[in-house]
């Protein structure tokens, strides 16, 4: 029986109702009757007359909760994964619903374990099987646990009776008492210790029936004590979190990231008496362990199951009685359980999960990677940033739950689709804000730079993003003072949507990365009207419209472009600083726009009224005060809103004048993303979706593609003033931009989930270091891998054709970057393995080539040694084996070679040349002694481009930022890792790569013999060859690029083209680097002489017409007589060698 004391006070004073330590307050009215007092006491909980073996638990007196509201059909929905991001509530909060709405819980006691020797009072352990929707699990309880649940529900029922009942409540109670006794929970009172053996099975039936009846009553079913008994929490039944496993309250020891425990008994006293133990709700899921604070429902930590995952149980292993120690590569979690049995159950559940659903991460994987090979994964490649950016933007737009972004550098104002014909819709920060407003959670990890060394201003990027919406969370790492990491960087670049679709590679979402295969150097802009008639039939009329500068903004152009064909007599308005020196309200001439209006048929003619005509003319007239320079960013900011509104009014007026409604039509991506065969049609390589849309709108020309800071040449000027995104950094009228060549890739399914898991590991580690107690930044939870093989394809143009291949995620991470006790360098291991096992050729594109012979004290990675050994093997076996290496002609550091500003460029150049061709440890010098002519096996190249800038011939190197290796047209490695120690050793920069092994093949040639090439690798290599050889825009199909090994291609096409282009560029521009310059004195003299582009432009243009593509030879003798290492007294000389290598 429950002990109840009623203390009555004066009628006007609150009375205190004491029920087993629980306090309830209520106000007594003067008219309280004795019968009402009787109603207030828990009389319904007394023993039922004539049946002293049971105690009934009456139905609660709450309207709508005395009947079963469970639908017993299959029409229910498991809560979506977004529930993990809902605002958490305390477990005891009545509004918390931990169950699947409308779904019943099926209970059955399937076994009874007897322990009379060790548990005399409660000898029976009941094994209960439960099913709730698609989830099945087992709990083990003794009679005392059932009794505790009954007592707590009785107290809860008593508390509901305290308010003075109304007549309606009295009537309901009378009807409640008439409910069939079999429908009420009836708890058997006799303890298990008093039962005979023949009554045990009957007792199991009684307890089973009791639980079923409890679960029929909604208030009892959803009570936190019932949830505790059934081992259920708010994260138990969430879509994509995997199976329902062991859960429950435990005590955890604080300091698991710092304090290790072991079998030393002397530690027991310290742990028991000095340690802090906290109650937490521990839960085991498919591939991680989490614990939650019941008081507020917040997740307090996530332990990913990895190759260091261990579970130790008992006093010897943990130093405490009934202890349990859970360890992974990041931390220890010491748990104290009530009994040895509980500790054993936890251990079994954890080990079972580790050996089954988490086996992919707890077992050793190929190359020492954290995840296994994912067979038959769907993937695709991207060459250059144009199609990559567009695909990322479209995928972000499809996000429903989460967006993960990790970048070395992120520019919020970057335009993802170009030309910009839709205003700011496809600007990165606007995309993220739009998704955040829709409820998608956005998480961004940025590298926190050393501000004195880098000008990428990650703080500005963070502030811009977090100010857009509360659903956008940004963390920067590392903290240089507390972490002590000054030399290394987070260098991986990834975007992951809903933990299902992922992009990775070498392309940051930042300024300077957007480019296409044309690698244009100039961007003065200018949109022109097409000469062809409009698509609608009829005569064409022209309207002369005076345009103020406000119409030259990108957003105004997009609104005009959606309806009209436009011709500007001035350059496109998409830049911010074109004529800053001469802009003023006095000298800016009105700009004329020719708007072609197709005459509609008679049925389509809409004649505007006189009022409408008047409004049109009024809206098209602007006073001269509006003709101010738009290239000044400060002025543009002040008048942005008014200009946008006025531009919109102009468009509305023109639309009314035309009387037409033209719908925007977007075609599928027909650029690099369309490949019905492995050899992409040349015409499909030329335009992005935005360019196609611009063409459909009747516009042609070159609207600005690189706006403001995005127009950049890193050697001329490094970044500064990033808070002024629309202000040009260099003068685009005199300085060409630096073209950018890069590679990225897309994956979906389980392999994308591996990308997300890496991000989650890094995010959670950063949160622990920087925001552990900041609840606005949550712990991230990885999804289960169940059902990943059936991930639907995105209904996007780029995903209509995906490759099928075996894929694996590779990393370089360590303690400082991911919080791991061990170091992972699987990228390095994979590179070495692929090089050693290559049969025919290796194609490499990389930003650096810093790798020397084995045993070198300053450069430790083994790429150069592996290439040397593979070429040596081919020479001994008389095999035809080729190695192509494409890299930048110069490092992209601000400065001028031969001056004090060029020290950083010279330092990187020194290590590149020391690895390639200078010194006894270089690859070429070693090969000269072994194979005679290294060029028969390996050659190095760069990329260069030329063009016209304000009628002047200019040239610039194409900066190769790719991190790519292709072997034998079958294996590809794409990622963020450079060929240097920083990227490959694992304990320096953090990196991520994808290795792809083809499973689908086609017949082709290799060294003149029939060969089966993989679809992914072969299509990527062929497209790159076409781009570099200039075959994409010429449509020249006479050059056979199928066989990269045969002599006719290797020498007569590839090397010959590079040599010819190099010779022409040297004659026309006298550009550097050049083999003709061996020292600084020669460099000064070389640059002082006028080049042909200046002295004889006509002859120069004639010579340049012979350039094919962008391929040039790497000059091996450039500054070969100089020591390019940082000189004494320079700030670069104070830096350790490992900074450059």
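Numbering (full-length UniProt numbering), first residue to last: 1 to 1141.
Beta carbons: idealized from backbone N, C-alpha and C, even for Gly.
Values in this document were obtained by computation on a predicted structure and should not be read as measured data.
> Whole beta strand (DSSP E) runs in the UniProt domain "PX" (104–237) with 3 or more residues, listed along the chain?
Replying inline: Taking only runs of at least 3 residues, the beta strand (DSSP E) segments lying wholly in the UniProt domain "PX" (104–237) are 105–114, 124–132, 135–142, 186–188.
> What are the boundary residues of the beta strand (DSSP E) that residue 763 is part of?
Replying inline: No beta strand (DSSP E) holds residue 763; the alpha helix (DSSP H) holding it covers 750–770.
>> Tell me the rounded alpha-carbon separation between residue 151 and residue 225.
In response: Residue 151 and residue 225 have their C-alpha atoms some 10 Å from each other.
> Can you tell which of 115, 196, 301, 209 has the C-alpha that lies nearest to the C-alpha of residue 777?
Replying inline: The candidate whose alpha carbon is nearest that of residue 777 is 301.
> Just checking my contact of residue 402 with residue 498 at CB under 8 Å: how many whole Å lie between their CB atoms?
Replying inline: About 6 Å separates the beta carbon of residue 402 from that of residue 498, a gap short enough to meet the 8 Å contact definition.
> Relative to the C-alpha of residue 1118, which residue among 1074, 1026, 395, 1124 is closest?
Replying inline: The candidate whose alpha carbon is nearest that of residue 1118 is 1074.
> Straight-line CA distance for residue 1013 to residue 1021?
Replying inline: Rounded to whole angstroms, residue 1013 to residue 1021 spans 11 Å at the Cα level.
> When the Cα atoms are used, what is the spatial distance from residue 795 to residue 79?
Replying inline: Cα atoms of residue 795 and residue 79: separation of roughly 25 Å, rounded to the nearest angstrom.
> Identify the residues that DSSP records as bridge partners of residue 506: which are they?
Replying inline: Paired residues: none, contrary to the question.
>> Any contact between the segment 860–874 and the segment 832–849? By contact I mean 3 or more CB pairs, one from each, below 8 Å.
In response: With the cut-off at 8 Å, the segment 860–874 and the segment 832–849 touch.
>> Let me check one thing: in DSSP terms, what residues is residue 773 bridge-paired to?
In response: Answer is none; residue 773 lacks a bridge partner.
> How would you label residue 395, buried or exposed, when you count the other beta carbons within 10 angstroms and need 16 or more for buried?
Replying inline: Under this definition residue 395 is a buried residue.
> Which residues in the same chain have their Cβ closer than 7 Å to the Cβ of residue 1071, if we skip the five residues on either side of it in sequence?
Replying inline: The answer, listed in chain order, is 955, 1065.
>> Could you check whether the Cβ of residue 56 sits closer than 8 Å to any Cβ belonging to chain B?
In response: Absent here is chain B; the protein component of the structure consists of one chain.
>> On the criterion of 16 or more Cβ atoms from any shown chain inside 10 Å, does residue 452 qualify as buried, or is it exposed?
In response: Exposed, since its Cβ has fewer than 16 Cβ neighbours within 10 Å.
> Looking only at its own chain, which residues have a Cβ that is under 8 Å from the Cβ of residue 856, when we skip the five neighbours before and after it?
Replying inline: 921.
>> So for residue 864, helix, strand or coil by DSSP?
In response: The DSSP-derived three-state label of residue 864 is helix.
>> Measuring alpha carbon to alpha carbon, tell me which residue in 137, 1122, 932 is nearest residue 914.
In response: The option with the nearest alpha carbon to residue 914 is 1122.
> Exposed or buried, which one is residue 354 when buried takes at least 16 other CB atoms within 10 Å?
Replying inline: Flag for residue 354 reads buried.
> In terms of residues, what are the limits of the beta strand (DSSP E) holding residue 993?
Replying inline: Start and end: 991–998.
> Across which residues does DSSP place residue 1010 in a beta bridge pair?
Replying inline: According to DSSP, residue 1010 bridges with 1005.
> Three or more beta-carbon pairs under 8 Å between the segment 1085–1094 and the segment 1049–1062, yes or no?
Replying inline: These segments do not touch.
> How is the beta strand (DSSP E) around residue 332 delimited, first residue to last?
Replying inline: Per DSSP, the unbroken beta strand (DSSP E) holding residue 332 starts and ends at 332–336.
>> I need the straight-line Cα distance from residue 720 to residue 469, nearest angstrom please.
In response: Distance between the alpha carbons of residue 720 and residue 469 is about 26 Å.
> Rounded to a whole number of angstroms, what is the C-alpha to C-alpha distance between residue 808 and residue 493?
Replying inline: Between the C-alpha atoms of residue 808 and residue 493 there is a straight-line separation of about 16 Å.
>> So, with DSSP's three-state summary, where would you put residue 1050?
In response: Here residue 1050 sits in helix by DSSP.
> Can you tell me where the beta strand (DSSP E) with residue 377 in it begins and where it stops?
Replying inline: For residue 377, the enclosing beta strand (DSSP E) begins and ends at 374–383.
>> Applying the 10 Å Cβ sphere with the 16-neighbour rule, what's the burial state of residue 413?
In response: It is buried - the Cβ of residue 413 has at least 16 other Cβ atoms within 10 Å.
>> Using 8 Å for Cβ pairs, my map puts residue 361 next to residue 306. What's the rounded Cβ distance?
In response: Contact flag correct, Cβ pair sits at about 5 Å.
>> I need the straight-line Cα distance from residue 427 to residue 417, nearest angstrom please.
In response: Looking at the two C-alpha atoms, the distance is approximately 8 Å.
> Got a sec? Which residues, its chain only, sit under 6 Å from residue 115 by beta carbon, not counting five neighbours each side?
Replying inline: Within the same chain, residue 115 has close Cβ partners 123.
>> Give the list of continuous alpha helix (DSSP H) stretches no shorter than 4 residues that lie fully inside the segment 904–983.
In response: Within the segment 904–983, the complete alpha helix (DSSP H) runs of at least 4 residues are 923–931.
> Quick one: Cα of residue 812 to Cα of residue 350, how far?
Replying inline: Here the C-alpha atom of residue 812 lies approximately 28 Å from the C-alpha atom of residue 350.
> Where do the N-terminal and C-terminal ends of the beta strand (DSSP E) with residue 313 fall, by residue?
Replying inline: For residue 313, the enclosing beta strand (DSSP E) has its first and last residue at 310–313.
> Going by beta carbon distance, what residues of the same chain come within less than 6 Å of residue 1124, once the five residues before and after it are set aside?
Replying inline: Around residue 1124: 906, 909, 910.
> Looking only at its own chain, which residues have a Cβ that is under 6 Å from the Cβ of residue 299, when we skip the five neighbours before and after it?
Replying inline: Closer than 6 Å at Cβ, skipping near neighbours: 290, 292, 779.
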